[in-house]
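Visitor: Okay, here's the structure, questions in a sec.
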Amino acid sequence: MDHQNLIAIDIHTHAEVSCWNPFDNYGEEYDRAADKYFRNSRRPTIQETIDYYRERKIGLVMFTVDSESQLGRRRIPNEEIAEAAQKNSDMMMCFASIDPHKGKMGAREAERLIKEHGVKGFKFHPTVQGYHPYDKMAWPIYEVINAHKLPAIFHTGHSGIGSGMRCGGGLRLEYSNPMHLDDVAISFPDMQIVMAHPSFPWQDEALSVATHKPNVWIDLSGWSPKYFPKQLVQYANTLLKDRVLFGSDYPLITPERWMKDFEEAGFKPEVMPGILKGNAVRLLGLA
């Protein structure tokens, strides 16, 4: 990634539409509920997202969420995103997603994606994937990530997926309590752990884990900065200023809206360049 020619790096964007696989309408009720919750039904293709970010000179990390075991939905191929990243390597990176229920087979896939497809990190969503992050089931995959000293993004806090559905779509919010990452951070010290989103209703737990464990970071995706809890802004301005990252959750929030609100959310001018780009440059090994 040619970060010197980018104004920011968005660490958290989603692949929404596969151009390789036919549309899988199984479980489409989760999409409709999410559209209602987020008041946004935009689902751009991978290339449309890349074009959008290139026009704005913003780098991006893109991933899908493999929840085949829990939701029964066919995932967007990691290889499809990785190929797009290789073709746009000046401003894009691919993180892979592997359902932790795949265990050792998932670990083999992780190794292959790193070595053969240039994947630079991984994405987990405990609520949607249906597991506690500390579950030993997932450790074979973590071991691969740790061995290669790559980052892994974990969804934390409330989930818009399933919100409003009968029984929340059967998805358990408790899986995404950031305190569950404490054991993971101890057992895998060379895996940089990124806790995604303001971790409502566990913001203080997230700040505690990140302050205590130097291999834990926080991305600010999924919320407009004007709604951030005051303690999150306080820690981003002080103790965690070197481990807080810009993320939008695109297409749910656009980087323009996020960056506009960021200017007015109480962040100190001296920490803003690090949040927008500098911290991501270090996390991604670009410098």
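For the sequence shown, position 278 (counting from the first letter as 1) is numbered 269 according to our numbering, and the numbering increases by one without interruption.
Where is the CB? At the ideal position from N, CA and C, for every residue including glycine.
1) Could you check whether Thr147 and Ala321 sit closer than 7 Å to each other, using their CB atoms as the reference points?
2) Determine the contact status of Asp57 and Ser88, defining contact as a CB-CB distance below 7 Å.
3) Is the beta carbon of Gly94 less than 7 Å from the beta carbon of Arg64?
4) At what residues does the beta strand (DSSP E) containing His5 begin and finish?
5) Please tell me whether Phe237 and Ile209 are closer than 7 Å, where the distance is taken between their beta carbons.
6) Using 10 angstroms around the beta-carbon of Glu7, count the other beta-carbons present and answer buried if the total reaches 16, otherwise exposed.
7) Assuming Ala98 contacts Pro131 (C-beta within less than 8 Å), just tell me the rounded distance between them.
8) Below 8 Å, can you find three or more Cβ-Cβ pairs linking the stretch 76 to 88 to the stretch 29 to 36?
9) On the DSSP letters alone, give me the boundaries of the alpha helix (DSSP H) that Trp249 sits inside.
10) Please tell me whether Glu100 and Trp11 are closer than 7 Å, where the distance is taken between their beta carbons.
11) Measure how close the beta-carbons of Asn270 and Arg234 come, nearest whole angstrom, since I'm counting them as under 8 Å.
12) Quick one: what does DSSP say Asp181 is sitting in, helix, strand or coil?
13) If you check the beta carbons only, do Leu51 and Asp126 fall under 7 Å apart?
14) Can you grab the Cα-Cα spacing for the pair Glu255 / Met170, in whole Å?
15) Provide the residue span of the alpha helix (DSSP H) that contains Ala24, from first to last.
16) Taking buried to mean at least 16 other C-beta atoms within 10 Å of its own C-beta, is Glu196 buried or exposed?
17) With DSSP as the reference, label Thr118 as helix, strand or coil.
18) How far does the beta strand (DSSP E) with Val224 in it reach, from first residue to last?
19) Between Val185 and Leu198, what straight-line distance do the alpha-carbon atoms span, to the nearest angstrom?
Guide: Checking against the coordinates, here is how it stands:
1) What the structure shows of the chain is the stretch from -8 to 278, and residue 321 is not part of that stretch, so it cannot be assessed.
2) Walking along the sequence shown from the start, residue 57 turns up at place 66. Walking along the sequence shown from the start, residue 88 turns up at place 97. With respect to the 7 Å criterion, Asp57 and Ser88 are classified as neighbours on the basis of their beta carbons.
3) Numbered from 1 along the sequence shown, position 103 holds the residue referred to as residue 94. Numbered from 1 along the sequence shown, position 73 holds the residue referred to as residue 64. At least 7 Å separates the beta-carbon of Gly94 from that of Arg64.
4) Here residue 5 corresponds to residue number 14 of the sequence shown, with the count starting at 1. From DSSP, the beta strand (DSSP E) with His5 extends over -1 to 5.
5) Taking the sequence shown and counting its residues from 1, one reaches residue 237 at position 246. Taking the sequence shown and counting its residues from 1, one reaches residue 209 at position 218. Cβ distance not < 7 Å, so Phe237 and Ile209 don't count as in contact.
6) Reading the sequence shown from its first residue, position 16 is the one you call residue 7. Under a 10 Å Cβ-count criterion, Glu7 is classified as buried, with 16 or more other Cβ atoms of the shown protein chains found around its own Cβ.
7) The count along the sequence shown starts at 1 and reaches residue 98 at position 107. The count along the sequence shown starts at 1 and reaches residue 131 at position 140. With 8 Å as the limit, Ala98 and Pro131 qualify as a contact, their Cβ atoms being about 4 Å apart.
8) No, because fewer than three Cβ pairs between the stretch 76 to 88 and the stretch 29 to 36 fall closer than 8 Å, the two stretches do not touch.
9) As a position in the sequence shown, residue 249 is number 258, starting the count at 1. Element bounds for Trp249: 246 to 253.
10) Sequence index remark: in the sequence shown, residue 100 carries index 109 (1-based). Sequence index remark: in the sequence shown, residue 11 carries index 20 (1-based). Cβ atoms of Glu100 and Trp11: not closer than 7 Å.
11) Reading the sequence shown from its first residue, position 279 is the one you call residue 270. Reading the sequence shown from its first residue, position 243 is the one you call residue 234. About 6 Å separates the Cβ atoms of Asn270 and Arg234, confirming a contact at the 8 Å cut-off.
12) Residue 181 sits at position 190 when you count from the first residue of the sequence shown. Here DSSP, grouped into helix, strand and coil, assigns Asp181 to coil.
13) The sequence position of residue 51 within the sequence shown is 60, counting from 1. The sequence position of residue 126 within the sequence shown is 135, counting from 1. Going by C-beta atoms, Leu51 is not nearer than 7 Å to Asp126.
14) The residue given as residue 255 occupies position 264 in the sequence shown. The residue given as residue 170 occupies position 179 in the sequence shown. Put simply, the backbone Cα of Glu255 is about 30 Å away from that of Met170.
15) Within the sequence shown, residue 24 is the residue found at index 33, counting from 1. In the DSSP assignment, Ala24 falls within the unbroken alpha helix (DSSP H) covering 19 to 29.
16) Here the question's residue 196 lines up with position 205 in the sequence shown. Counting the other Cβ atoms within 10 Å of the Cβ of Glu196 gives 16 or more, which makes it buried.
17) In the sequence shown, counting from the first residue as 1, residue 118 sits at position 127. Of the three classes helix, strand and coil, the one that applies to Thr118 here is helix, per DSSP.
18) Start at 1 with the first residue of the sequence shown, and residue 224 comes out as number 233. Not the beta strand (DSSP E): Val224 falls in the alpha helix (DSSP H), residues 221 to 228.
19) Within the sequence shown, the letter at position 194 stands for residue 185. Within the sequence shown, the letter at position 207 stands for residue 198. If you take the alpha carbons of Val185 and Leu198, they lie about 12 Å apart.
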